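Just so we're on the same page, our numbering is the position in the sequence shown counted from 1, plus 740. In this text, a Cβ means the ideal position worked out from N, Cα and C, and glycines have one as well. What you are looking at is a predicted structure, and each value in this text was computed from that prediction instead of being measured.
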Amino acid sequence: MNIYIIILFFVVIAIMRVIQKVCSKVSSEQITDNKTFFAYGALYQCVAATFALITVAFTGFHNFNTGLIVCSVLSAVLFAVDLFTGLEAVKGCSIAVATMFGLGGLIISVVVSYFWFGEEIKSYQIAGLCIFFVSAYLLSSKDGKSGEKISAKTFLMLFVNFLANGLVMVVQKYFALKVEGANTPLFSFLTFMLCGIFMVICFLFTLCKNKAKAIENRQEEEKKPVLNKKLIICGILLALALFLINIMITEMGKTVPSIIIFPVSSAICIIIATLVGYFVFKEKLSVKKIIGLLVGIASIIIIGI
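So, in structure tokens, the structure goes:
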């Protein structure tokens, strides 16, 4: 892949990360119960699947093989596990710890790519990776629960989240390098569609559970739209962002080493999240976070040399 195309992809990913951050922030203020959460998840996953299907209509429904199906199913399952364990983890630990475990998963993809796919890792890139984790820690170290002891259940959720994040990257890399034809839009369509189906099932289950509870307590269910206009707009924009990020990272996986793709994209993610929080949502930018931003930029430069 041409170096200018790679740079363009990272620029687009950065823009999509801005959209993702804004949508996540707005939606977090609007979602107050499980029913709304699953409905919102079903919306953006299904819309992302629609974007992928439109792309498939132009690129072609080709190379529909066993490898593609297996990778899509694995990716969808891992996305679901990542979502569930991430939500459960932050209930019992600081956001900083949860973020570090999630981002730490990229170590799995880098190590697997070195031993399984034969990708070269230079010593300065390892140094850059270590610097990235310092940056991630500095930028995400804010939470009122930081002094609490982590329970066995929370640690299990963190560990599974770490594995799920890393394995998602491994599946993307395996698909890009090993699956014959590697039809990325079709892979994205199946992944998002399966995730969307999972969310719809969870939504219907929650709906039935709430209805049964209302009947048992002889209460009348509150009748109002599950998703308001803000959530619908955020869901569509988030779907576009996730679709483009998934497509571009998977496409880059065909030629760009994991030691570059995942640390750089993750560094962009956490830097963008911090900047958007400061400029858009007026979140406090401490000296520690400013240092974290500079360290993060340094890690991108070192890894990408």
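Reference residue i, options the options, closest by Cα
| i | options | result |
| --- | --- | --- |
| residue 1040 | 898, 894, 911 and 867 | 867 |
| residue 816 | 838, 800, 989 and 905 | 905 |
| residue 762 | 772, 859 and 1015 | 1015 |
| residue 1009 | 893, 775 and 875 | 875 |
| residue 925 | 984, 1038, 942 and 894 | 984 |
| residue 964 | 776, 751 and 857 | 776 |
| residue 756 | 982, 850, 803 and 998 | 982 |
| residue 977 | 751, 773, 957 and 780 | 780 |
| residue 966 | 879, 778 and 829 | 778 |
Beta-carbon proximity of residue i to residue j, cut-off 7 Å
| i | j | result |
| --- | --- | --- |
| residue 1007 | residue 1032 | no |
| residue 811 | residue 915 | yes |
| residue 760 | residue 970 | no |
| residue 975 | residue 846 | no |
| residue 938 | residue 792 | no |
| residue 1003 | residue 899 | no |
| residue 992 | residue 819 | no |
| residue 852 | residue 910 | yes |
| residue 891 | residue 832 | yes |
| residue 929 | residue 796 | yes |
| residue 747 | residue 1005 | no |
| residue 923 | residue 803 | yes |
| residue 935 | residue 785 | yes |
| residue 1044 | residue 1000 | yes |
Enclosing alpha helix (DSSP H) for residue i [first to last residue]
| i | result |
| --- | --- |
| residue 775 | 774-799 |
| residue 756 | 743-770 |
| residue 1020 | Note, residue 1020: premise wrong, no alpha helix (DSSP H); not H, not E. |
| residue 925 | 924-956 |
| residue 995 | Here residue 995 belongs to no alpha helix (DSSP H), and DSSP marks it neither H nor E. |
| residue 1024 | It is not in any alpha helix (DSSP H) - residue 1024 carries neither H nor E in the DSSP assignment. |
| residue 906 | 892-918 |
| residue 852 | 846-855 |
| residue 966 | First-last for residue 966: undefined, no H or E at that position. |
| residue 860 | No alpha helix (DSSP H) contains residue 860, which DSSP labels as neither H nor E. |
| residue 811 | 806-829 |
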